[in-house]
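Here the protein sequences line up with chains A and B, keeping their order.
Letter by letter, the first sequence follows residues 1019 to 1491 of the numbering used here.
Letter by letter, the second sequence follows residues 172 to 726 of the numbering used here.
Here the structure is laid out as structure tokens; the discussion comes afterwards.
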Amino acid sequence: MSEIKTQLVVLGAGPGGYSAAFRAADLGIDTVLVDARANLGGVCLNVGCIPSKALLHVAKVIKEAKHLSSHGVSFGEPTIDLDKVRDWKDSVVSQLTKGLSGMSKMRKVEFVQGLGKFTGSNTLEVTGDKGTTTISFDNAIIAAGSEPVSLPFIPEDDRVIDSTGALEMKDIPGKMLVLGGGIIGLEMGTVYNALGSQIDVVEFLDQLIPAADKDIVKVYNKTIKDTFNVMLETKVTGVEAKKDGLYVSFEGKKAPAEPVRYDKVLVAVGRKPNGKLVGADVAGVSVDERGFINVDKQMRTNVPHIFAIGDLVGQPMLAHKAVHEGHVAAEVVAGKKHFFDPKCIPSVAYTEPELAWVGLTEKEAKEQGINYEAASFPWAASGRAIASDATDGLTKLIFDKDTDRIIGGAMVGTNAGEMLGEIGLAIEMGADAEDIALTIHAHPTLNESIGLAAEIYEGSITDLPNPKANKKK
Amino acid sequence: MSDIKEVLVPDLGEDSVEVIEICVAVGDSLDAEDSIVTVESDKASMDIPAPFAGVIAEICVAVGDKISEGTLLAKMKSADESATDTDAVSGNEVEAIPEVAPESAPVAEVSAPVSETTSTVTSTIEVTVPDIGGDENVDVIEILVAVGDTVDVEEGLVTLETDKASMDVPSPQAGKITAMHLNVGDKVSEGSLVVTLETASVAASIVEQTQENSVPVTTPVEAPAVPAPKAPPVPHHPSAAAIQPSGKVHASPSVRRLAREFGVDLTLVNGSGNKGRIVKEDVQSYVKYELSRPKLTPATATTAGEGGLQVLAAPKVDFSKFGEIEEKPLTRIQKLSGPNLHRNWVTIPHVTQFEEADITEMESFRKEQNVVCEKRKLGFKITPLVFMMKAVADALQAYPTFNSSLSGDGESLIIKKYFHIGIAVDTPNGLVVPVVRDVDQKGVHELSKELMDISAKARDGKLKAADMQGSCFTISSLGGIGGTAFTPIVNAPDVAILGVSKSEIKPKWNGKDFEPRLMLPLSLSYDHRVIDGALAARFAVHIKNVLGDLRQIIL
Chain A
1019 MSEIKTQLVV LGAGPGGYSA AFRAADLGID TVLVDARANL GGVCLNVGCI
1069 PSKALLHVAK VIKEAKHLSS HGVSFGEPTI DLDKVRDWKD SVVSQLTKGL
1119 SGMSKMRKVE FVQGLGKFTG SNTLEVTGDK GTTTISFDNA IIAAGSEPVS
1169 LPFIPEDDRV IDSTGALEMK DIPGKMLVLG GGIIGLEMGT VYNALGSQID
1219 VVEFLDQLIP AADKDIVKVY NKTIKDTFNV MLETKVTGVE AKKDGLYVSF
1269 EGKKAPAEPV RYDKVLVAVG RKPNGKLVGA DVAGVSVDER GFINVDKQMR
1319 TNVPHIFAIG DLVGQPMLAH KAVHEGHVAA EVVAGKKHFF DPKCIPSVAY
1369 TEPELAWVGL TEKEAKEQGI NYEAASFPWA ASGRAIASDA TDGLTKLIFD
1419 KDTDRIIGGA MVGTNAGEML GEIGLAIEMG ADAEDIALTI HAHPTLNESI
1469 GLAAEIYEGS ITDLPNPKAN KKK
Chain B
172 MSDIKEVLVP DLGEDSVEVI EICVAVGDSL DAEDSIVTVE SDKASMDIPA
222 PFAGVIAEIC VAVGDKISEG TLLAKMKSAD ESATDTDAVS GNEVEAIPEV
272 APESAPVAEV SAPVSETTST VTSTIEVTVP DIGGDENVDV IEILVAVGDT
322 VDVEEGLVTL ETDKASMDVP SPQAGKITAM HLNVGDKVSE GSLVVTLETA
372 SVAASIVEQT QENSVPVTTP VEAPAVPAPK APPVPHHPSA AAIQPSGKVH
422 ASPSVRRLAR EFGVDLTLVN GSGNKGRIVK EDVQSYVKYE LSRPKLTPAT
472 ATTAGEGGLQ VLAAPKVDFS KFGEIEEKPL TRIQKLSGPN LHRNWVTIPH
522 VTQFEEADIT EMESFRKEQN VVCEKRKLGF KITPLVFMMK AVADALQAYP
572 TFNSSLSGDG ESLIIKKYFH IGIAVDTPNG LVVPVVRDVD QKGVHELSKE
622 LMDISAKARD GKLKAADMQG SCFTISSLGG IGGTAFTPIV NAPDVAILGV
672 SKSEIKPKWN GKDFEPRLML PLSLSYDHRV IDGALAARFA VHIKNVLGDL
722 RQIIL
């Protein structure tokens, strides 16, 4: 058993955790990073955002190649070597985790592999492959993340998988049920569909990706209507594992009368925080019954020298939120008077096409009673979208009518996620519609649609009929 | 029936004092004014007396506790009511308290129908603005309740906003709002009426409980008219309060971070940028402005940095290297008066004017009078200090500027029309300054008697806070010990202090000869912001003239 004494221990080496540790080290704090995995990067790098993006890239190219046949170029049916696809995905992951581990060494952040649990308000015990390590610390940042929710009525079976199982890509099922119409389920559905699986999606609510606005999701629905069989307002009541497959019975609006046989069931109904798994209570940190840890705007828990960041401090459970929270926590530990104080946090569903939104949605603006106006530019009117065969898209900006300032934005369409950054920056900087409309966007680009949407609000649009034209004489 | 009354700490004139002794035990029978506990403040220790005669039922503080006005000190069964005490009321809150009444009392039977009283027993309390840190005229920015609302203890009633923070005034008790006395935009201070609250009385439950025992009871009295304890205002979480919903504050992330670092509430900053955008320079100039604003509250005036006092830390020296040492803690009075003296020394521009008074005649008159006093067995002696007090009172009347204090904002002078003089008294525990009131209206005999009493009290540590408040001017006399002159520190908020050293016979030129005269050295320190040198010289000369010829006083 070894012992380490450090100024700061960061529990969890996901994007939030490693960012906190690296930032702290750069600020001159002696830092130890602990994670159960041997590789840095947490769920995001190892079994989340990154490997799924590698596979989505594959899926996108397959789909585009197929599509090109209607424009006069045929490649023939693709042959898929699943082992090679998996190897490529793994190589993407290992390139990134190796990079992180190099940067960790460069910064002299000590990495301890193993499961960390608090044994007191200033001590942590890490049980790993190489034995037990006791770490005594002055400050701690809990960044232990979240894990997929599993459903109790679904039997344990190799053929029932979660997002981690889906990314392992053991095989390509003939028919797969995606349980949960959120971002993770739809992304994995997109991948498997491109590789040849028939996909059914079941969602309890009346809309896929329930957090996004309906008009955005409507465009998405149109593009997937021939590929996914979506059952909204329907729930799974039972899964029976038989030799020839998983027999799933449904209940609700779109429920098939008889149980349906699937080769695989992907459970993607959400993630739950790991707050209860780190012995936080032993350190005096209060964890709520769901496993969330409450923090203030400086990411401080109820114990002043212990901080928490990322998925386990609350929604949205997104890597980029965790990174910023990690920076704030590290800076506060280093004595800086910083606060986690964003106006907006972007969300992206990396489906094909992508859905992306930032700031307030129309739904939220309505709920908050804000006097707002939304301006939408349909991509069917964009030259670049037409040329790129990407007309299934929409760019919507939401403005506060009292100030004309932008308070939210959403996009659906190819590369929507890549273009969202401009809207986020505009919100943070307090830009108003005129600022955006007068910013010259390159032509022809998909990104141009943001400037054009602002012109619609301003009444200066010329690429579409201008409903405000007469009012602004 | 028995009635347990709560004994709350009265106005001590101090924010917080420490309990150093509990003078009673549960079951003790006290007369009114008997001491319950002894507390110690920065000035003296004092006893808190029982407000009425009775029996101690419960002591609610312990030695070492910090208490302040309104703290629950003890629960007492008042003497008159314990006479009608009865076992019948077991089941009410008295049950938990040991039965300690020395005599058992007859059961009081009354015919008042119990049912009538149970439903009507409520009490009404007036909720006032609690101590809000000394801020005056604070804005009411939100009314959180309406007449008819039922509120819980600690529930916010109204939101107040000072230039530093906003805070809710919590309800001291659960109850129903029967009247709202404020509107948004009103300015309030500590003690302003907020709401009238109808509270469900304890007495109501007593009645119900006694009813169960089916015992005749007296008509329940209204809940004791003890003022509702003032809950401190709850400041909003500083960061939570500063978080603005998106769109409300027009400032970019870097500007918001800068504001956070300085603790600046961006809603208070005017944006100079396009369309009111707050830019970094706006935050910087806001901070500069806030720092340059006069802040004369005692708490900020001494804080290094805010008052601009950046001094080198004193070097740490290991004295044991040079010889044997002993470390002795400062007395409580020293510890507490130290920061006040320090503040006065560094914030008041002091000048000391020296003068000598010829007290040859005064002393011979005083000695004659003391012979008379002894003959008449008056029980006191006239000291030179009494004449000095009279002389000072006379000088204060002649020069009202000396009888003033600088207003909190430093913009005006508050002239006092009363003449209370503080006397610095050396005690075994340290220096204390009891105050003799209305010196101008009292004769030499009365003052002599009072001075004797107050000095004895000071030496015994029995001074009450009220005894040490309200001074206009202070006299510090070291004449009994020695010295030719010294520079006393002004006892703020006074603007001047007179130091008296040891009188000495000196040769004085009377125009023809050197004459032996008894000369008294006077050292008058004053606040040069308020008093200029010529005025101080005149004031000192006035005292000298009065002491030189006491007949001046009657002119």
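Glycine is no exception: its CB is placed at the ideal position from the N, C-alpha and C atoms.
For clarity, every value in this text was computed on a predicted model and none was experimentally measured.
Listed by chain order, chain B residues near residue i by CB distance under 9 Å
i	result
H1356 (chain A)	R428, R431, E432
Pairwise C-alpha distance: residue j and residue i
i	j	result
G978 (chain A)	V1266 (chain A)	Since the displayed chain A opens at 1019 and closes at 1491, residue 978 (chain A) lies outside it and no answer follows.
Q505 (chain B)	T598 (chain B)	12 Å
L718 (chain B)	H616 (chain B)	17 Å
T438 (chain B)	V420 (chain B)	6 Å
G1377 (chain A)	V316 (chain B)	33 Å
D624 (chain B)	G550 (chain B)	11 Å
M1206 (chain A)	P1228 (chain A)	17 Å
M559 (chain B)	I714 (chain B)	8 Å
F1358 (chain A)	H1345 (chain A)	9 Å
A254 (chain B)	K248 (chain B)	Note that A254 (chain B) scores a pLDDT of 42, beneath 50, so its modelled location is shaky and nothing firm can be said.
T1049 (chain A)	Y457 (chain B)	37 Å
G1199 (chain A)	I1424 (chain A)	29 Å
V1219 (chain A)	G1431 (chain A)	20 Å
N1433 (chain A)	K1384 (chain A)	28 Å
H521 (chain B)	I660 (chain B)	8 Å
V1350 (chain A)	K1126 (chain A)	20 Å
K1419 (chain A)	I1234 (chain A)	21 Å
R1279 (chain A)	K1240 (chain A)	26 Å
Residue from the options whose Cα sits closest to the Cα of residue i
i	options	result
F1093 (chain A)	A:K1081, A:D1099, A:L1100, A:K1102	A:K1081
S443 (chain B)	B:L437, B:K673, B:D453	B:D453
G1477 (chain A)	A:L1464, A:H1459, A:L1223, A:I1454	A:I1454
G225 (chain B)	B:L201, B:G241, B:G235	B:L201
F1246 (chain A)	A:S1467, A:Y1210, A:E1391	A:Y1210
D302 (chain B)	B:S363, B:T321, B:T295, B:D323	B:S363
V728 (chain B)	B:S463, B:G198, B:P222, B:N441	Limits of chain B in this structure are 172 at one end and 726 at the other, which puts residue 728 (chain B) out of reach.
A1259 (chain A)	A:K1381, A:V1178, A:I1445, A:C1062	A:V1178
K1148 (chain A)	A:D1175, A:E1186, A:A1054, A:P1191	A:A1054
E1473 (chain A)	A:E1452, A:T1182, A:V1091, A:N1488	A:E1452
V1331 (chain A)	A:I1160, A:D1180, A:G1426	A:I1160
I1098 (chain A)	A:S1109, A:A1212, A:S1406, A:V1110	A:A1212
Distance cut-off 7 Å: residue i Cβ against heavy atoms of the ligand SAH
i	result
F1129 (chain A)	The ligand SAH is not among the ligands present in this structure, which contains no ligands whatsoever.
Pair within 8 Å by beta-carbon distance, residue i and residue j
i	j	result
P1033 (chain A)	A1337 (chain A)	yes
R431 (chain B)	H1356 (chain A)	yes
G1297 (chain A)	F1136 (chain A)	yes
S1394 (chain A)	A1471 (chain A)	yes
G593 (chain B)	N662 (chain B)	yes
A245 (chain B)	I207 (chain B)	yes
V685 (chain B)	A667 (chain B)	Residue 685 (chain B) is actually Phe in this sequence, not Val. Not closer than 8 Å, so no.
I1022 (chain A)	T1151 (chain A)	yes
S674 (chain B)	I530 (chain B)	yes
G1564 (chain A)	A1031 (chain A)	For residue 1564 (chain A) there is no data in the structure shown, the boundaries of chain A being 1019 and 1491.
T370 (chain B)	I296 (chain B)	yes
Proximal chain A residues relative to residue i, where beta-carbon distance stays under 7 Å
i	result
R448 (chain B)	G1448
T421 (chain B)	The displayed chain sequence assigns His, not Thr, to residue 421 (chain B). Neighbours of H421 (chain B) on chain A, chain order: G1448.
Supposed contact pair residue j and residue i - C-beta distance, whole angstroms, cut 8 Å
i	j	result
L1197 (chain A)	V1283 (chain A)	6 Å
A1158 (chain A)	V1027 (chain A)	5 Å
N1057 (chain A)	E1165 (chain A)	In fact, because the Cβ distance is near 17 Å, the residues do not count as touching under 8 Å.
V736 (chain B)	I646 (chain B)	With chain B covering 172 to 726 only, the question about residue 736 (chain B) has no answer from this structure.
S1122 (chain A)	L1051 (chain A)	7 Å
Chain-ordered chain B contacts of residue i [CB-CB under 8 Å]
i	result
D1359 (chain A)	I414, P424, R427, R428, R431
Residue i at chain E interface by Cβ criterion, 8 Å
i	result
R1041 (chain A)	This model lacks chain E altogether, as its protein chains are A and B.
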